[in-house]
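Participant:
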Amino acid sequence: MAQVHGNAATNAAAPGERTGLGRLIGAGLLLVGLVLLALGAYLGPYTYATSTPGKLTVQTCTVDYKYRSTASSSRKRTKTRWCYGTFTADDGIVKDLNAELKSDALYQRGHVLEARKTGDTSYELDSGWVGAVAVGCAWWFGALVPLALGLFFTATGFAFGGASDVHRSGQAAGQGLLRTVYVLIVAGVIGFAVSMLVVFFT
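What follows is the structure in structure tokens.
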């Protein structure tokens, strides 16, 4: 008489469970990508378009030091430059005698900085539309990586299995999808790097 082993059903169900998990992970990555796209639009062009342009007359600048503990006995030190003074909007309507913003240098008293009021008490240096678009692009290109991986996982159900699963997922995806995923990832990495360079130099 043939015997039916109890682990046969379990083994048969395992690939299906992995596929479902892979598609769930893919959906999560797609959601992350969409959130990054939205953040890029908000933190870049939208914030710049809705902020108030003006000038900050420096009263004083300071350096804020922070120490981070490391595995070794030494500690890493980071520093942030802050400038304080009077912000006056270009239209003359807004004026703040106690404005502060992160600065790229320590300026002398009386120096005038091009600045923008981005909130009730928040200010930033005015880097122009180029800088604002570059900030948005950095988020948008960064979003291409989770979007590409999410597309791959959702289409194939791949969920970090063994070598056979990778091969099977590659066959299921097809050359067209794999090429699209590779292009999106490469474009995302290169675009993010270029965007950050533009942000740094503007």
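Each residue of the sequence shown is one higher than the one before, counting from 831 in our numbering.
We put the CB at the ideal spot given by N, CA and C, even for glycine.
1. With the cut-off set at 8 Å, would you say residue 966 and residue 1022 are in Cβ contact?
2. So, is residue 1027 buried or exposed, given that buried needs 16 or more other C-beta atoms within 10 angstroms?
3. Suppose contacts are defined by Cβ-Cβ distances below 8 Å. Is residue 887 in contact with residue 922 by that definition?
4. Would residue 912 and residue 894 be called neighbours here (beta carbons separated by less than 8 Å)?
5. Please state whether DSSP places residue 938 in a helix, a strand or coil.
6. If you drop the 5 nearest sequence neighbours on each side, which residues of the same chain put their C-beta closer than 6 Å to that of residue 1015?
7. Could you tell me whether the Cβ atoms of residue 856 and residue 984 are closer together than 8 Å?
8. Rounded to a whole number of angstroms, what is the C-alpha to C-alpha distance between residue 956 and residue 907?
9. Please confirm whether residue 1049 and residue 987 have their CB atoms less than 8 Å apart.
10. Identify, in the order they occur along the chain, each residue of the same chain with its Cβ nearer than 7 Å to the Cβ of residue 970, setting aside the five sequence neighbours on each side.
11. Whose C-alpha, out of 914, 924 and 1029, is nearest the C-alpha of residue 931?
12. Could you please give the first and the last residue of the uninterrupted alpha helix (DSSP H) stretch that includes residue 878?
13. When you compare only the Cα positions, how much space is there between residue 960 and residue 850?
14. Can you name the start and end residues of the alpha helix (DSSP H) that residue 981 belongs to?
15. Whose C-alpha, out of 982, 909 and 920, is nearest the C-alpha of residue 1008?
16. At what residues does the beta strand (DSSP E) containing residue 873 begin and finish?
17. Out of 1005, 948 and 936, which one is the CA nearest neighbour of residue 889?
18. Give the DSSP-derived three-state secondary structure of residue 924 in the structure shown.
Facilitator: Considering the structure as presented:
1. Numbered from 1 along the sequence shown, position 136 holds the residue referred to as residue 966. Numbered from 1 along the sequence shown, position 192 holds the residue referred to as residue 1022. Cβ distance not < 8 Å, so residue 966 and residue 1022 don't count as in contact.
2. As a working mapping, residue 1027 is identified with position 197 in the sequence shown. By the neighbour-count rule (16 or more Cβ atoms within 10 Å), residue 1027 is not buried but exposed.
3. Working through the sequence shown from its first residue, we reach residue 887 at position 57. Working through the sequence shown from its first residue, we reach residue 922 at position 92. Judged by beta-carbon spacing, residue 922 lies beyond the 8 Å limit of residue 887, meaning their Cβ atoms are not closer than that value.
4. Within the sequence shown, residue 912 is the residue found at index 82, counting from 1. Within the sequence shown, residue 894 is the residue found at index 64, counting from 1. Yes, Cβ-Cβ distance for residue 912 and residue 894 is below 8 Å.
5. One-based indexing of the sequence shown puts residue 938 at position 108. In this structure, residue 938 counts as coil in the three-state DSSP scheme.
6. In the sequence shown, residue 1015 corresponds to position 185, counting from 1. Correct list, in chain order: 975 and 978.
7. The count along the sequence shown starts at 1 and reaches residue 856 at position 26. The count along the sequence shown starts at 1 and reaches residue 984 at position 154. For residue 856 and residue 984, yes; Cβs fall inside 8 Å.
8. For the purposes of this step, residue 956 is taken as the residue at position 126 of the sequence shown. For the purposes of this step, residue 907 is taken as the residue at position 77 of the sequence shown. Approximately 27 Å between the Cα atoms of the pair.
9. Nothing about residue 1049 can be read from this structure; the chain reaches only from 831 to 1032.
10. For this step, residue 970 is matched to residue 140 along the sequence shown. Cβ within range, chain order: 867 and 870.
11. Locating residue 931 in the sequence shown gives position 101, counting from the first residue. The option with the nearest alpha carbon to residue 931 is 914.
12. Your numbering for residue 878 matches position 48 in the sequence shown. Counting along the chain, the alpha helix (DSSP H) containing residue 878 begins and ends at 877 to 880.
13. On the sequence shown, residue 960 is found 130 positions in, with the first residue counted as 1. On the sequence shown, residue 850 is found 20 positions in, with the first residue counted as 1. Spanning the two alpha carbons is a distance of roughly 43 Å.
14. For the purposes of this step, residue 981 is taken as residue 151 along the sequence shown, with counting starting at 1. Per DSSP, the unbroken alpha helix (DSSP H) holding residue 981 starts and ends at 958 to 986.
15. One-based indexing of the sequence shown puts residue 1008 at position 178. The residue with the shortest Cα to Cα distance from residue 1008 is 982.
16. On the sequence shown, residue 873 is found 43 positions in, with the first residue counted as 1. Neither: residue 873 is in no beta strand (DSSP E) and is coded neither H nor E.
17. In the sequence shown, counting from the first residue as 1, residue 889 sits at position 59. Taking only the C-alpha atoms, the option nearest residue 889 is 936.
18. The residue labelled residue 924 in the question sits at position 94 within the sequence shown. Here residue 924 sits in coil by DSSP.
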